[in-house]
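Okay, so here's the structure we're looking at.
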Amino acid sequence: MAPQDSAFVFPVHDLDAAGRDLAWPVSPEWLAAALLDTPLTPRGQAGEVRVHVSKIGREVLVRGRVRAAVSLPCARCLDPASLDVDAALDLLLEPAAPVVPAAPARADRRGPKRGPRAVASEPEAELGPLEAGRDVYEGEEVQLDAFVREAILLEEPSFPLCSEACEGIGPPAVPGAAPDPRLAVLANIVSLKSTKE
Ligand SMILES: [Zn+2]
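Read in order, the letters of the sequence shown are residues 162 to 358 in our numbering.
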């Protein structure tokens, strides 16, 4: 069925409103595969997914946290910068509709609506399930892998630093210190060029 085994999966048929607590380790192998196309890499320790799951009607509520130790390149020096992910995992999942109902004729005038980022300046546009921050599960079990991956990726900082004091590539510029010999070479080239002209 699934192209690969799901690491974080639970059946929904016996789930009730009281629900139950679930926890899984997040193996470095799972992290490595899930983060393959991202700047994030696992640091080697296992993480953890810990959730409370319950079912109200046919909707499944998932509330918990994802913890994972990863690293990503420092924005200044490209050395690994540690990132300890501790992210909320809050989901309201409804069963996937077996067929997509035909769109009302009125909506056709604007063409097909695609994705959650439909035009924001149209307040009258109806909110679909995805736009409302909901998601779906298929079949008789919920697979959390994609949501766990998403929760980790959302924690990726836009400007990761190996340390707050990171000075970037090369030695820090100290006032009064001798200039970097590599820079002196560059300066010579520049002055040679300018004297030639
Ligand atoms: Zn750095």
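Beta carbons are placed, not taken as given, at the ideal position from N, Cα and C, and that holds for glycine.
Being a predicted model, the structure only gives us computed values, none of them experimental.
Shorter than 6 Å, the distance from the beta carbon of residue i to the closest heavy atom of ligand 1, or not?
i	result
residue 296	no
Within 10 angstroms of its Cβ, does residue i collect 16 or more other Cβ (buried), or is it exposed?
i	result
residue 208	buried
residue 297	exposed
residue 181	exposed
residue 242	buried
residue 168	buried
residue 192	buried
residue 195	buried
residue 178	exposed
residue 166	exposed
Give me the Cα-Cα distance between residue i and residue j, rounded to the nearest whole angstrom.
i	j	result
residue 217	residue 176	9 Å
residue 321	residue 174	43 Å
residue 214	residue 188	21 Å
residue 315	residue 251	13 Å
residue 318	residue 230	14 Å
residue 329	residue 237	4 Å
residue 249	residue 311	11 Å
residue 170	residue 199	23 Å
residue 172	residue 234	38 Å
residue 225	residue 197	24 Å
residue 183	residue 201	26 Å
residue 206	residue 313	15 Å
residue 244	residue 299	32 Å
residue 295	residue 190	29 Å
If distances are taken between C-alpha atoms only, which option among the options comes closest to residue i?
i	options	result
residue 145	258, 306 and 311	The structure shown does not extend to residue 145, since the chain is modelled only from 162 to 358, so the question has no answer here.
residue 232	328, 329, 324 and 330	324
residue 185	330, 315, 318 and 304	304
residue 309	178, 205 and 211	211
residue 222	254, 206 and 328	254
residue 246	306, 204 and 239	204
residue 307	202, 200 and 227	227
residue 327	311, 239, 301 and 190	239
residue 301	248, 256, 198 and 202	256
With a threshold of 7 Å between beta carbons, is residue i in contact with chain D?
i	result
residue 250	Note that chain D does not occur in the displayed structure, where there is just one protein chain.
Can you tell me which residues fall inside 7 Å of ligand 1, judged by beta-carbon distance to its nearest heavy atom, and keep chain order? Ordered along the chain, the selected set is 235, 237, 238, 240, 242, 322, 323, 324, 327 and 329.
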